[in-house]
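*Asks:* The structure that follows is given in the form of C-alpha cells.
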Amino acid sequence: MLEILRNIFTLSIGAIFIENFVLCQFLGICPFLGVSKKVETASGMGFAVVFVMTVASAITWVVQYFLVKFGLDYLQTIAFILVIAVLVQFVEMFLQKAIPALYESLGIYLPLITTNCAVLGVAILNTTKFTEGPTFLYSTLYGFMAGVGFLVAIVLMAGIRERLETSDIPEFLKGMPITLITAGLMAMAFMGFSGLSF
Amino acid sequence: MKSIKTILNGLLYENPTFILLLGMCPTLATTTGVSNAVGMGLSAAAVLICSNIVISLLRKLIPSKIRIAAYIVIIAGFVTVVQMALEAYLPGLYESLGLYIPLIVVNCIILGRAEAFASKNSVWLSALDGLGMGLGFTCALVLIALVREVLGAGEILGMSIFPEAWNFQPASIMLLAPGAFLTLGVLLGIINAVRGRGGKKNA
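Sequence lines, in order, name chains F and U.
End of the first sequence = 198 in the numbering used here, gap-free, step of one.
End of the second sequence = 401 in the numbering used here, gap-free, step of one.
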C-alpha cells in the first residue's frame with residue numbers, strides 16, 4: 001500500500017514538473033502556441049485538456065486490454081485515435097446537455113483536442129510505461145497529472161505573452177519567433193526540476 | 199506548369215513548418231540529429247502522399263458531415279503501415295523516433311492538406327501536393343536538425359566536423375528541449391527578417 005502511495009506521489013510530481021508534456025516532451029505544442037494569447041482562453045483550453053486526457057487514459061486502458069487479449073495490438077494507433085475522436089465528440093454532446101455553462105466556456109476548444117498530440121501521446125505512453133501494479137489507477141492518474149502539467153505550462157505562457165504585447169521587441173522577432181524563444185527559456189527553467197528525485 | 203507550381207508551393211511559398219507553422223511537435227522533438235530528421239520527414243511525407251491520393255480518389259464518396267473521421271481513419275491506416283515497415287526494416291530509426299511515429303496521425307499538416315487540398319483537387323495534383331509538402335517538411339526538419347547537431351554535438355550525421363585544433367566545445371543544451379525552441383524561434387526570426395514582413399502575418 002505504502003509502495004503504491006509513494007509511486008503515486010512520484011508519478012504526479014514527475015508528470016507535472018520533471019517530464020512536463022509540453023516543455024520537455026514536445027507534446028501538445030500546437031495548442032500551446034496557438035491558444036496562449038490570453039490567460040482566460042489558455043486556462044479554458046487547459047481545463048478541457050485535463051478533462052479529456054483523464055477520461056481518454058481510462059478508456060484507452062480498457063481498449064488496450066482487449067486489443068492485447070485478442071492479439072490485435074498492431075491496431076493500437078487506429079483504435080486509439082478513433083476512441084479519442086468519438087470520446088471528444090461524446091464529451092461535447094454530454095456537456096452541452098448536462099452542464100451548459102461549462103460547455104459555453106470550453107465549447108470551441110473541444111473539437112481541437114482530437115488532434116492534440118498530448119492526448120494520443122499519453123494513451124500510447126501509458127501502454128508502455130505501466131506494466132505492473134494497479135495499472136488502471138496509474139494510467140488514469142498519469143493522464144490527469146500530465147493534463148495538469150499542460151495546464152500549468154499554457155497558463156504560464158499566456159501570462160508571459162500578455163506582457164510581451166506591450167514590451168519593446170525587435171520588429172522581426174514579433175509574433176511567433178519571440179514566443180518560441182520564450183518557450184525555450186521556460187523549458188530551461190523546467191530543466192531545473194530534473195534534479196528532483198524521491 | 200500547374201504541377202511544378204504545386205510542388206514549389208509546398209517546398210517554398212507555403213512551407214508547412216516555416217510559413218504555415220503546422221506540425222510543431224515532431225519538428226521540435228525529432229530534430230536532435232540529421233538522421234532522425236530525415237527519417238521523420240520522409241515517414242510523414244510517405245503518409246501524406248498516400249493519404250492525399252486516397253482521399254482525393256474518395257473525395258466524391260465521403261459525405262461532408264463525417265469527412266474528418268473518415269480522413270483520420272485513412273491517415274491512421276497509412277501510419278500503421280509506415281510504423282510496421284520501419285519496425286521491420288529500420289529498427290534503429292524506429293527505436294529513436296519511438297512515440298513520434300504513431301503521433302504522425304495527429305500531425306496537423308496531414309489532416310490540413312487533406313481538408314484544404316486533397317478533398318478539392320484531382321488525384322495527380324493531390325499526389326504532387328503531398329510530395330511538395332512532404333519534401334518541404336523534410337527540408338525544414340533537416341535545416342533545424344543541422345543547426346542543433348552542429349552546435350550541440352559538433353557533428354553532422356554522427357561525424358565530427360570541427361578540426362581538433364579548434365578545441366570546439368559543443369553546447370549540449372542545443373540537443374535538449376530548450377535548444378529546440380530556441381533554434382526554431384531564431385530561424386523563424388531570420389526568415390521574417392529576410393522576407394521583410396516583420397512577422398506581421400503570423401503574430
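Ideal Cβ placement from N, Cα and C applies to all residues, glycine included.
What are the residues in the region 5-22 of chain F lying within 7 Å of chain U by C-beta distance?
*Replies:* Against chain U - using a Cβ distance shorter than 7 Å - the region 5-22 of chain F contributes no residues.
*Asks:* PRO31 (chain F) CB to nearest chain U CB: under 8 Å?
*Replies:* Walking along the first sequence from the start, residue 31 (chain F) turns up at place 31. Taking Cβ atoms only, chain U never reaches closer than 8 Å to PRO31 (chain F), which makes this a no.
*Asks:* On the DSSP bridge assignment, give the partners of SER358 (chain U) in chain order.
*Replies:* Translated into the one-based positions of the second sequence, residue 358 (chain U) becomes position 160. In the DSSP output, where bridge partners are listed per residue, SER358 (chain U) has U:GLU353.
*Asks:* For a test of the three-state rule: what should DSSP assign to LEU218 (chain U), helix, strand or coil?
*Replies:* Within the second sequence, the letter at position 20 stands for residue 218 (chain U). Of the three classes helix, strand and coil, the one that applies to LEU218 (chain U) here is coil, per DSSP.
*Asks:* Taking CB distances under 8 Å as the criterion, tell me whether GLY159 (chain F) reaches chain U.
*Replies:* As a first step, residue 159 (chain F) must be located in the first sequence, where it is residue number 159. At a cut-off of 8 Å between beta carbons, GLY159 (chain F) makes no contact with chain U.
*Asks:* Give the residues of chain U in contact with ALA187 (chain F), contact being defined as C-beta atoms less than 7 Å apart.
*Replies:* Translated into positions along the first sequence, residue 187 (chain F) becomes position 187. Chain U residues near ALA187 (chain F): ALA375, PRO376, PHE379.
*Asks:* Say whether the region 213-223 of chain U touches the region 292-308 of chain U, bearing in mind that this needs 3 or more beta-carbon pairs closer than 8 Å, one atom from each stretch.
*Replies:* yes
*Asks:* Whole beta strand (DSSP E) runs in the region 290-325 of chain U with 3 or more residues, listed along the chain?
*Replies:* none
*Asks:* Count Cβ pairs between the region 124-132 of chain F and the region 152-163 of chain F that sit closer than 8 Å; are there 3 or more?
*Replies:* no
*Asks:* Are any of the Cβ atoms in chain U nearer than 8 Å to that of MET176 (chain F)?
*Replies:* Translated into positions along the first sequence, residue 176 (chain F) becomes position 176. Judged by the 8 Å Cβ criterion, MET176 (chain F) is in contact with chain U.
*Asks:* Can you check which of these residues, F:TRP61, F:MET93, F:LEU95, F:SER105, is closest to ALA79 (chain F) by C-alpha distance?
*Replies:* On the first sequence, position 79 is the one that residue 79 (chain F) refers to. Of F:TRP61, F:MET93, F:LEU95, F:SER105, the residue nearest in Cα terms is F:TRP61.
*Asks:* So which residues on chain U does PHE150 (chain F) lean against when the C-beta distance must stay under 7 Å?
*Replies:* Here residue 150 (chain F) corresponds to residue number 150 of the first sequence, with the count starting at 1. Those within 7 Å of PHE150 (chain F) in chain U number zero; the least Cβ separation is about 13 Å.
*Asks:* Does the beta carbon of ALA312 (chain U) come closer than 8 Å to any beta carbon on chain F?
*Replies:* Along the second sequence, one-based indexing puts residue 312 (chain U) at 114. No, ALA312 (chain U) lies away from the interface with chain F (no Cβ there is under 8 Å from its Cβ).
*Asks:* Which class does PRO368 (chain U) belong to by DSSP, given the choice of helix, strand or coil?
*Replies:* As a first step, residue 368 (chain U) must be located in the second sequence, where it is residue number 170. Of the three classes helix, strand and coil, the one that applies to PRO368 (chain U) here is coil, per DSSP.
*Asks:* According to a CB-to-CB cut-off of less than 7 Å, which residues of the region 283-301 of chain U neighbour chain F?
*Replies:* LEU297, PRO300, LEU301
*Asks:* Rounding to the nearest angstrom, what Cα-Cα distance links THR114 (chain F) and GLY28 (chain F) in this structure?
*Replies:* Stepping through the first sequence from its first residue, residue 114 (chain F) is reached at position 114. Stepping through the first sequence from its first residue, residue 28 (chain F) is reached at position 28. Cα to Cα, the separation comes out at about 11 Å.
*Asks:* If I measure Cβ to Cβ from GLY397 (chain U) and keep anything under 7 Å in the same chain, skipping five residues before and after, which residues do I get?
*Replies:* The residue labelled residue 397 (chain U) in the question sits at position 199 within the second sequence. In this prediction, GLY397 (chain U) scores a pLDDT of 43, lower than 50, which makes its location untrustworthy; the coordinate-derived value is nonetheless stated afterwards. The residues are ASN390.
*Asks:* Can you name the start and end residues of the alpha helix (DSSP H) that PRO376 (chain U) belongs to?
*Replies:* Here residue 376 (chain U) refers to the residue found at position 178 when the second sequence is read from its first residue. Per DSSP, PRO376 (chain U) belongs to the alpha helix (DSSP H) from 375-393.
*Asks:* Buried or exposed: where does PHE90 (chain F) fall if 16 or more other Cβ atoms within 10 Å of its Cβ makes it buried?
*Replies:* Residue mapping note: residue 90 (chain F) aligns to position 90 of the first sequence, counting from 1. Classification of PHE90 (chain F): exposed, given that the 10 Å Cβ count is below 16.
*Asks:* As a quick exercise: from F:ILE13, F:PHE150, F:LEU110, pick the residue whose alpha carbon is nearest that of LEU33 (chain F).
*Replies:* In the first sequence, residue 33 (chain F) corresponds to position 33, counting from 1. When only C-alpha atoms are compared, the closest one is F:PHE150.
*Asks:* Name the chain U residues that come within less than 7 Å of ALA48 (chain F), Cβ to Cβ?
*Replies:* Along the first sequence, read from residue 1 onward, the residue named residue 48 (chain F) stands at position 48. Ordered by position in chain U, no residue passes the 7 Å Cβ test against ALA48 (chain F), which lies about 16 Å from the chain.
*Asks:* Would you kindly work out how many angstroms separate the C-alpha atoms of ALA314 (chain U) and SER254 (chain U), rounded to a whole number?
*Replies:* Residue 314 (chain U) sits at position 116 when you count from the first residue of the second sequence. Residue 254 (chain U) sits at position 56 when you count from the first residue of the second sequence. Between the alpha carbons of ALA314 (chain U) and SER254 (chain U) lies a gap of roughly 11 Å.
*Asks:* Whole angstroms is fine: what's the gap from LEU2 (chain F)'s alpha carbon to PHE193 (chain F)'s?
*Replies:* As a first step, residue 2 (chain F) must be located in the first sequence, where it is residue number 2. As a first step, residue 193 (chain F) must be located in the first sequence, where it is residue number 193. Rounded to the nearest angstrom, the two C-alpha atoms are 24 Å apart.
*Asks:* Under 8 Å between C-beta atoms, does PHE193 (chain F) make it to chain U?
*Replies:* Looking up residue 193 (chain F) in the first sequence gives position 193. Answer no: the Cβ-Cβ gap between PHE193 (chain F) and chain U never drops below 8 Å.
*Asks:* When Cβ atoms are compared, which residues of the region 260-273 of chain U fall closer than 9 Å to chain F?
*Replies:* ILE266, ALA267, ILE270, VAL271, ILE273
*Asks:* I want to verify the contact list: residues of chain F whose CB lies under 7 Å from the CB of ASN390 (chain U), in sequence order.
*Replies:* Position 192 of the second sequence, counting from 1, holds the residue named residue 390 (chain U). Residues of chain F passing the Cβ test: PHE172, PRO177.
*Asks:* If you draw a straight line from the alpha carbon of THR204 (chain U) to that of GLY71 (chain F), how long is it in whole angstroms?
*Replies:* Residue 204 (chain U) sits at position 6 when you count from the first residue of the second sequence. Residue 71 (chain F) sits at position 71 when you count from the first residue of the first sequence. Each residue's alpha carbon lies about 43 Å from the other.
*Asks:* Report the residue ranges of all alpha helix (DSSP H) runs contained in full by the region 82-139 of chain F; include only those spanning at least 4 residues, in chain order.
*Replies:* 100-106, 110-113, 117-129
*Asks:* Short of 6 Å in beta carbon distance, which residues of its chain neighbour VAL63 (chain F), apart from the five on each side in sequence? Order them along the chain.
*Replies:* Translated into positions along the first sequence, residue 63 (chain F) becomes position 63. Cβ neighbours of VAL63 (chain F) beyond the five flanking positions: ALA79, VAL83.
*Asks:* Is the Cβ of ILE181 (chain F) closer than 8 Å to any Cβ of chain U?
*Replies:* Here residue 181 (chain F) is taken as the residue at index 181 of the first sequence, counted from 1. Yes, ILE181 (chain F) lies at the interface with chain U (some Cβ there is under 8 Å from its Cβ).
*Asks:* Of all Cβ atoms in chain U, is any one closer than 8 Å to the Cβ of GLY147 (chain F)?
*Replies:* By one-based count along the first sequence, residue 147 (chain F) stands at place 147. GLY147 (chain F) does not count as touching chain U.
*Asks:* Indicate the three-state DSSP secondary structure (helix, strand or coil) for ILE169 (chain F) in the structure shown.
*Replies:* The residue you call residue 169 (chain F) lines up with position 169 of the first sequence. Coil.
*Asks:* Judging by CA-CA distance, which residue of U:GLY352, U:ALA274, U:ASN365, U:MET331 is the nearest neighbour of LEU240 (chain U)?
*Replies:* Your numbering for residue 240 (chain U) matches position 42 in the second sequence. The residue with the shortest Cα to Cα distance from LEU240 (chain U) is U:MET331.
*Asks:* Out of F:VAL39, F:GLU104, F:PHE130, point me to the one whose CA is closest to TYR65 (chain F)'s CA.
*Replies:* Working through the first sequence from its first residue, we reach residue 65 (chain F) at position 65. Of F:VAL39, F:GLU104, F:PHE130, the residue nearest in Cα terms is F:PHE130.
*Asks:* Tell me whether LEU196 (chain F) is buried or exposed, calling it buried when 16 or more other Cβ atoms sit within 10 Å of its Cβ.
*Replies:* Within the first sequence, residue 196 (chain F) is the residue found at index 196, counting from 1. So LEU196 (chain F) ends up on the exposed side.
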